[in-house]
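Asker: So in the UniProt record's numbering, spot 33 of the sequence shown is number 33, and the numbers just go up one at a time. Got a structure for you, written out below as structure tokens; questions coming shortly.
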Amino acid sequence: MAELTNILFSEVNVILSVLLIILIIYWIITMIGGFDFEPDFDVDIDVDADVDVDSGIEGGNMDFEDISNTEINQEDVVGKRRKPLKWWQIFLIYFNFVGLPFMFTFTFWIFIWWFITAITTAMTYTYDNFIGFGIMILAIFPALFLTKIFTTPFKGFFKNLNKDGDAPIDYLGRKATLLSSISAEKMGNAEVSVNGDSMSIYVKSLNGEPLNYGASILIIKRSADRNYYLVQSYND
């Protein structure tokens, strides 16, 4: 046991081992339900000058689970393009970082990378020298290809699920309550109750009119990029 610990936390393997432990803790927290943090910042994912992929969190709040399950859809990246894809876009699409929840694919990649590095350096006794660092760097590439192989079958599974792993919910026409003020291009969160469960969604004012925190709203339609909903004031 001591020898195994020495290998896993050797100079070569310690970074990947610690990162994997962090990811395990992350998934445990996600599964048991609900560590939230709500930073107030704008995120603009600009994949090219002629494509505007709205992240859906401009001026609003984001929770921990939303980040873990953020999925960049391939149609959002390539659907409106006229120019060739950049190399990093091709990379993300090819290795399934696009089309699946990012953290899902990222965890697979880190685990496989860690596994290859740990096994190889242990078998060659290079876990504490410069050769081991070379093995760790080279292991990035087979880890990426194995990640693609192992995650591809999950594409069909995630395609038909929402971020919580349930059947997709139709929010259109439902009443909701604003959790933050919105106006014009400023977006925010709203809480909608579905079958007794409270859901948080990203919303934007349909006509740009200011809507205050706590206001009752009606969900009218979903945005073209499917990242948020357009809403208007609702009076009982």
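Think of the CB as a built atom: it goes at the ideal place given N, C-alpha and C, for glycine as much as any other residue. Just so it is clear, the structure is predicted and the values come from calculations on it, not from any experiment.
1. By alpha-carbon positions, which one of Ile116, Ile135, Gly132, Gly173 ends up nearest to threonine 147?
2. Tell me whether phenylalanine 108 is buried or exposed, calling it buried when 16 or more other Cβ atoms sit within 10 Å of its Cβ.
3. Give me whichever residues DSSP pairs with tyrosine 229 in a beta bridge.
4. Identify whether glutamate 3 lies in helix, strand or coil by the three-state DSSP scheme.
5. Under the assumption that threonine 126 contacts isoleucine 135 (Cβ atoms under 8 Å), give the Cβ distance between them as a whole number of angstroms.
6. Looking at tyrosine 229: is its Cβ nearer than 9 Å to the Cβ of isoleucine 201?
7. Pick from Ala176, Thr5, Phe145: whose alpha carbon is nearest that of glycine 196?
8. If you run the structure through DSSP and keep just helix, strand and coil, what is valine 12?
9. How many whole angstroms separate the CB atoms of glycine 208 and alanine 184, which I take to be in contact at a CB cut-off of 8 Å?
10. Bridge partners for isoleucine 182 per DSSP, in chain order?
11. Let me know the secondary structure DSSP gives aspartate 126 once reduced to three states.
12. Going by C-alpha distance, which of Asp170, Leu16, Thr124 is nearest isoleucine 137?
13. Note down, in chain order, each residue of its chain lying with its Cβ closer than 8 Å to the Cβ of threonine 151, except the 5 sequence neighbours on either side.
14. Would you grab the beta carbon distance between valine 203 and leucine 218 for me? Rounded to a whole angstrom, and I think it's under 8 Å.
15. Looking at the strands, I want to know which residues DSSP matches up with glycine 188.
16. Do tryptophan 114 and asparagine 13 have their C-beta atoms closer together than 9 Å?
17. May I ask you to report which of helix, strand or coil DSSP gives lysine 148?
18. Mind reading off the beta-carbon distance from serine 205 to isoleucine 182? Whole number of angstroms is fine, and I expect it under 8 Å.
19. What does the Cβ neighbour count give for leucine 20, buried or exposed, with the cut at 16 atoms within 10 Å?
20. For my contact list, glutamate 191 and leucine 179 are in at a C-beta cut-off of 8 Å; report their separation, rounded to the angstrom.
21. So what does DSSP say about lysine 175, is it helix, strand or coil?
22. Give me the Cβ distance between glutamate 3 and aspartate 128, rounded to the nearest whole Å; I'm assuming they're in contact under 8 Å.
Answerer: Reading off the structure:
1. Sequence index remark: in the sequence shown, residue 147 carries index 147 (1-based). Cα-wise, what sits closest to threonine 147 is Ile116.
2. Position 108 of the sequence shown, counted from the first residue, corresponds to residue 108. Label assigned to phenylalanine 108: buried.
3. For the purposes of this step, residue 229 is identified with residue 229 of the sequence shown, where counting begins at 1. DSSP output for tyrosine 229 lists Val203, Arg222 as bridge partner(s).
4. Within the sequence shown, numbered from 1, the residue matching residue 3 stands at position 3. Here glutamate 3 sits in helix by DSSP.
5. In the sequence shown, the residue the question calls residue 126 occupies position 126. In the sequence shown, the residue the question calls residue 135 occupies position 135. About 6 Å; that satisfies the 8 Å criterion.
6. Along the sequence shown, read from residue 1 onward, the residue named residue 229 stands at position 229. Along the sequence shown, read from residue 1 onward, the residue named residue 201 stands at position 201. Cβ atoms of tyrosine 229 and isoleucine 201: closer than 9 Å.
7. Indexing the sequence shown from 1 puts residue 196 at position 196. Checked all of Ala176, Thr5, Phe145; the closest Cα to glycine 196 is Ala176.
8. Position 12 of the sequence shown, counted from the first residue, corresponds to residue 12. Residue state, collapsed to three classes: coil.
9. As a first step, residue 208 must be located in the sequence shown, where it is residue number 208. As a first step, residue 184 must be located in the sequence shown, where it is residue number 184. The Cβ separation is near 5 Å, so the contact holds.
10. Locating residue 182 in the sequence shown gives position 182, counting from the first residue. According to DSSP, isoleucine 182 bridges with Leu211.
11. Counted from its first residue, the sequence shown places residue 126 at position 126. In the sequence as presented, aspartate is not what sits at residue 126; that position holds threonine. Reduced to three states, the DSSP call for threonine 126 is coil.
12. Within the sequence shown, the letter at position 137 stands for residue 137. With respect to the C-alpha of isoleucine 137, the residue from Asp170, Leu16, Thr124 having the closest C-alpha is Leu16.
13. Sequence index remark: in the sequence shown, residue 151 carries index 151 (1-based). These residues qualify, in order along the chain: Asn96, Leu100, Phe104, Thr105, Phe108.
14. Walking along the sequence shown from the start, residue 203 turns up at place 203. Walking along the sequence shown from the start, residue 218 turns up at place 218. Contact flag wrong, Cβ pair sits at about 11 Å.
15. By 1-based counting over the sequence shown, the position of residue 188 is 188. By DSSP's assignment, glycine 188 forms a beta bridge with Val203.
16. Indexing the sequence shown from 1 puts residue 114 at position 114. Indexing the sequence shown from 1 puts residue 13 at position 13. Yes, these two residues count as a Cβ contact at 9 Å.
17. Start at 1 with the first residue of the sequence shown, and residue 148 comes out as number 148. Correct three-state label for lysine 148: helix.
18. On the sequence shown, position 205 is the one that residue 205 refers to. On the sequence shown, position 182 is the one that residue 182 refers to. That belief holds up - the Cβ atoms of serine 205 and isoleucine 182 are roughly 5 Å apart, short of 8 Å.
19. Locating residue 20 in the sequence shown gives position 20, counting from the first residue. Around the Cβ of leucine 20, a 10 Å sphere holds 16 or more other Cβ atoms; the residue is buried.
20. Position 191 of the sequence shown holds residue 191. Position 179 of the sequence shown holds residue 179. Yes, glutamate 191 and leucine 179 are in contact; Cβ-Cβ is about 6 Å, under 8 Å.
21. Sequence index remark: in the sequence shown, residue 175 carries index 175 (1-based). Lysine 175: strand per DSSP, three-state reduction.
22. What you label residue 3 is simply residue 3 of the sequence shown in a count that begins at 1. What you label residue 128 is simply residue 128 of the sequence shown in a count that begins at 1. With a Cβ gap of about 12 Å, glutamate 3 and aspartate 128 do not count as contacting.
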